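Let me begin by presenting the structure, written as structure tokens, before commenting on it.
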Amino acid sequence: MPDDQPMLRIPIRSFRQTDSGFASHIRDDLLAVEEPLEIRLGFGPRAARQSAAISVTMRTPGHDRELALGFLFNEAVLTNAQSVEDWHSPTRGVIQAELAPDVRVDLNRLHRNVYTTSSCGVCGKASLDAVAVALPDLLDESGPTIAPELLLELPAKLRQAQAVFEQTGGLHASALFDSSGQLLAMREDVGRHNALDKLIGWALESGQIPLRNSVLLVSGRVSFELTQKALMAGIPILAAVGAPSSLAVELADSQGQTLVGFLRDGRYNVYTGAARLGGLSSLGADS
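Mind the numbering: the sequence shown is residues 1095 to 1381 in our numbering, read in order.
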């Protein structure tokens, strides 16, 4: 299987109930690929370069460089794509970012953050206050605004763009829209945090960070981790097809971010920042 193949075809036996009992047949099925990716750093002065593994994540192959770049941005290793002078993959499932000599790397902090939990380093930080202090001030409180009815159109646009999910049913997605509802970019992955890291990596490579005029839509629930990543990228409006967690709402509210949940089937809930939706001034405003 090619290194960047996001799907795998396998034979399966399919069962279904009929009026006369169960019927079965052999057919091919497409699975979303899940494989480990080790992210490594090359860093230090040119005369004394060092190399270290900083993370292993289970991801869907494809857009690995964007994934690594977004991860490094969210872990505050770098602030722009130009901090990486070169990329190489010494073996399958490994990607190494060669940082510019002037980029300082705190390996102890990285290892402490990344390995505290299996899902994401930010989850291991001591408190919500500690994370909030570390966030850059990227949000523009004066805008953008989006028409409340326009939000309802975004899930269908996301779903239409999910080519791998269409064939496998097994991937999360993150998508960026502008305030007019135009799709800017979308990334899929077996891990919801990886999908967002890939999207942020794309934005870094295209020089669009901070994303002050964008709307982020995620295909499932929205967690503290995803909210933090969106804030790191300066995204003012975060919407989810599923539910937000309590910490996601608390973090979004503390940073002035608009957080929308249950965006599906012609409805949604606004948890924070309702003023960005067509000029609504409060959560209690009636239409």
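Glycine residues also receive a C-beta, built at the ideal position from the N, C-alpha and C atoms. As the structure is a prediction and not an experimental result, all values here were calculated from the model.
In terms of Cα proximity to L1125, the closest of F1165, W1181 and G1264 is G1264. Around the CB of P1338, 16 or more other CB atoms lie within 10 Å, so the residue is classed as buried. Around the beta-carbon of P1155, 16 or more other beta-carbon atoms lie within 10 Å, marking it buried.
Ranked by Cα distance from L1246, the first of Q1349, L1357, G1295 and A1257 is L1357. With a threshold of 16 other beta carbon atoms within 10 Å, I1106 falls short and is exposed. DSSP places N1363 in the strand class (E or B) of the three-state scheme.
In this structure I1303 is not in contact with A1334, their Cβ atoms being roughly 21 Å apart against a cut-off of 8 Å. The Cβ atoms of I1148 and L1204 sit closer than 8 Å to each other.
The beta carbon of V1197 sits closer than 8 Å to those of F1137, V1171, L1172 and S1177, all from its chain and outside the five residues before and after it, given in chain order.
DSSP places S1183 outside both helix and strand once states are collapsed to three, so it counts as coil. DSSP, read as helix, strand or coil, puts D1123 in strand. Sequence-distant Cβ neighbours of D1098 in its own chain, meaning closer than 7 Å and more than five residues away, are P1155 and G1156.
Its Cα nearest to that of V1343, the residue Y1365 stands out among V1284, Y1365, L1305 and A1194.
Of the candidates S1340, S1348 and Q1349, the residue whose Cα lies closest to the Cα of G1355 is S1340.
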